[in-house]
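Order-wise, the sequence lines are chains H and G. Going by our numbering, the residue at position 7 of the first sequence is 676; the numbering climbs one at a time, nothing skipped. Going by our numbering, the residue at position 33 of the second sequence is 39; the numbering climbs one at a time, nothing skipped. Built from N, CA and C at the ideal position, the CB exists for glycine as well.
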Amino acid sequence: MKKTQKQNTGSDILRRILHNKTAMISGIIILIIIALAVLAPILSDYDETSQDLLKRLMPPGNGHIFGTDELGRDVFTRIFYGTRVSLMIALIPTALAVILGAVAGICAAQFRGAADFIIMRIADVMLAIPGMLLAMVVLYTLGGSLASVIISLVLVEWGGIAVVVRTATLEIRECEFIEAAVSTGAGRLRVIIRHILPNLVPTLIVLFTLNIPSSILSESALSFLGIGIQPPQVSLGLMVGVSRQYLFQSPHLALAPACMIMILVLSFNFLGDALRDILDPDRRTL
Amino acid sequence: MSEQILLSADKVTKSFPLGNRKRHIAVNNVSLEMYRGETLALVGESGCGKSTLAKLLMRLTDADSGRVFFDGTDISALSGRALRPYRRKMQMVFQDPASSLNPRMNIRDIIAEPLEVWHICKSRKETDERVKELLDLVELKESYLSRFPHQFSGGQKQRIGIARALALNPDLLVCDESVSALDVSVQAQILNLLKRLKKDLGLSCLFISHDLSVVNFIADRVCVMRAGEICETGDVSAIYSSPTHDYTKYLLSSIPRTRGMGNQVDPGDGVMGS
């Protein structure tokens, strides 16, 4: 990595992102995937749910780029509709988890004492339960749907984020400018909003980007197991899950969505790593 | 100089936990008085409790015991809201110019913050005017307003810190090792600036330093601290010419001197001679 002073003004960060190949390539791939997912109805002649039982399990070709599935639906179209759901799962619960984790972490660090103890012990309990197990319990209780997948993923992820945010906040609080603000008479809220939060932004962006892949993977796994997204809604994990019965007959059914999951997860992972290097040179062992 | 007491400490003690149920006593039963308009220097080696004492006096940390009076009011018993009016009257210039300015705020916002906290200016324009005035006071250019702290040198950052501290027209300015992180020529500039401001604005100044030559230049009176206790207090000239405490003598004798360089570089001129 280039020798960086901590120069974190907006234009400076933008310049460093533009110069970072990993960030640029993964960012462009993500943008393309988002564009394809949004434009799916325009790009494809087929409907994601329209069945054509005469054309079941067709191999790729003949007007179906990735062939058709067990009900004769176009796999290419379904992948992009599935990507829509996966992206939604990637962004919404991760954003909510980052907000919840940030509020919890800042409160814990700022108020210390009993509040700190209670918040962090709850986070510890959440972290102690295996994430997948916790998500499955929530999904069994609430039933599989987009909303319950979102709720379960937020519950799984906020704890880890709260721990990191708390540590980062404690570190920022040690800086003299916080003491300077207090000595001018600034209240707690002002210190949090004007001083702590702006300095947390890089950490939060990195946490957000690095948590997206795990959200996608969790959703895929839950849908694969049949307790996440329910048909007729499509998601990438669900497509892989359903097609496992036809794995030897028509491997393309599982391969195509699986590749899409892989590309998405890797892109977000690389982007997160690159952003961490760019925004947070001091905390690269996060 | 009037003989009115601005700030006084009455037997304040502060200790920190060390683990094993032991405590490190950073400030031990210290009493001191500071007069309005004077510059009082707090001198001692690092770790002797100077900064902790300053924070106690400014109520940035709470004392274990003892009381602090500001302008006759016991501020050690005040909390939260009741303390705020006193925050306005004492401001601090910090040791490390790099970490005492928020890296994500520009200079205008940094200097304007105290003004905003206290709603001193009625409009944004008035705030801007006052900020420019303050920049002028610390001899910085107006064009710096939209820049960020990392674009400045250490000496400039310290000037910004001073401008921020002066924004509220405080009665007391506490300088905690404010020039120690700067190189010698910049130190001299900042010290001259502080001296001028003190004269122009009638500030009282609590000046914390380990550097006796700096103290000799700026202070009226000196408190020598050692291991959490004040071992000697007196006028600068008295302390430098006839130190009574052994530790003060030791400190004075440890000022580095260059043999044969003449007398003007020797701040303790004639004191330690043979």
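Asked, Found
"Status (buried if at least 16 other CB within 10 Å, exposed otherwise) for E135(G)", "exposed"
"Whole-angstrom distance between F877(H) and P23(G), CA atom to CA atom", "37 Å"
"A766(H) Cβ short of 7 Å to the ligand SAM heavy atom set", "Within the structure as shown, the ligand SAM is missing, as the structure has no ligands at all."
"Contact set between the region 844-868 of chain H and chain G, restricted to residues whose Cβ is under 9 Å from the partner", "C844, E845, F846, I847, E848, A849, A850, V851, S852, T853, G854, A855, G856, R859, R863, H864, P867, N868"
"Cβ of V123(G) within 8 Å of any chain H Cβ", "yes"
"For A792(H) and W827(H), the rounded distance between their alpha carbons", "8 Å"
"Contained alpha helix (DSSP H) runs [length at least 4] in the region 783-813 of chain H, N- to C-terminal order", "800-811"
"Of the listed residues L218(G), L179(G), G86(G), nearest to K205(G) (C-alpha basis)", "L179(G)"
"Residues, ordered as in the chain, of the region 56-77 of chain G that lie near chain H by beta-carbon distance below 7 Å", "M64, L66"
"For P249(G) and E235(G), believed in contact at Cβ under 8 Å, the rounded distance", "Not quite, the Cβ-Cβ distance comes to about 16 Å (not below 8 Å), so this is no contact."
"DSSP-derived helix/strand/coil call for I896(H)", "coil"
"Three-state secondary structure assigned by DSSP to V185(G)", "coil"
"Neighbour flag for S105(G) against chain H, beta carbons, 8 Å", "yes"
"Cut-off 7 Å between Cβ atoms - residues of its own chain near D70(G), not counting five sequence neighbours on either side", "T19, K20, S21"
"DSSP three-state assignment for H251(G), whether helix, strand or coil", "coil"
"C-beta atoms of R232(G) and D241(G) nearer than 8 Å", "no"
"Cα-Cα separation between R292(G) and T853(H), rounded to whole angstroms", "Missing from the structure shown is residue 292(G); chain G here goes from 7 to 280 and no further."
"Contact under 8 Å by Cβ, V834(H) with T872(H)", "yes"
"Contact belief for A692(H) with L944(H) at Cβ below 8 Å, rounded distance in angstroms", "6 Å"
"Cutoff 6 Å; reference L705(H); Cβ partners in own chain excluding five residues on either side", "F749"
"Proximity to L894(H) [Cα-Cα], best of R747(H), R913(H), A764(H), N880(H)", "R913(H)"
"Which listed residue (P920(H), I758(H), G856(H), A831(H)) has its alpha carbon closest to that of S883(H)", "I758(H)"
"Sequence-distant residues of the same chain with beta carbon closer than 7 Å to G161(G), five excluded per side", "L188, V192, Q195, I196"
"Buried or exposed by the 16-neighbour rule on C-beta atoms within 10 Å, applied to P663(H)", "With chain H running from 670 to 955 in the structure shown, residue 663(H) is simply not present."
"Best match in G782(H), T763(H), S817(H) for proximity to G897(H) [C-alpha to C-alpha]", "S817(H)"
"Helix, strand or coil at T878(H) [DSSP, three-state]", "helix"
"L13(G) versus V221(G) - alpha carbon distance", "20 Å"
"Uninterrupted alpha helix (DSSP H) stretches inside the region 904-949 of chain H (no shorter than 4 residues)", "905-911, 921-948"
"Helix, strand or coil at I261(G) according to DSSP, with G and I counted as helix", "coil"
"Residues within the region 175-193 of chain G neighbouring chain H, beta-carbon criterion of under 8 Å", "none"
"Interfacial residues, the region 82-94 of chain G to chain H, with Cβ spacing under 7 Å", "R90, R93, R94"
"Contact between the region 59-78 of chain G and the region 123-139 of chain G (3+ Cβ pairs under 8 Å)", "no"
"Among L218(G), R42(G), N175(G), Y253(G), nearest to L207(G) - alpha-carbon criterion", "N175(G)"
"Within 8 Å, strictly: CB atoms of A709(H) and T746(H)", "yes"
"Limits of the unbroken alpha helix (DSSP H) element including Y92(G)", "90-95"
"Short Cβ contact (8 Å threshold) for E183(G) with S219(G)", "no"
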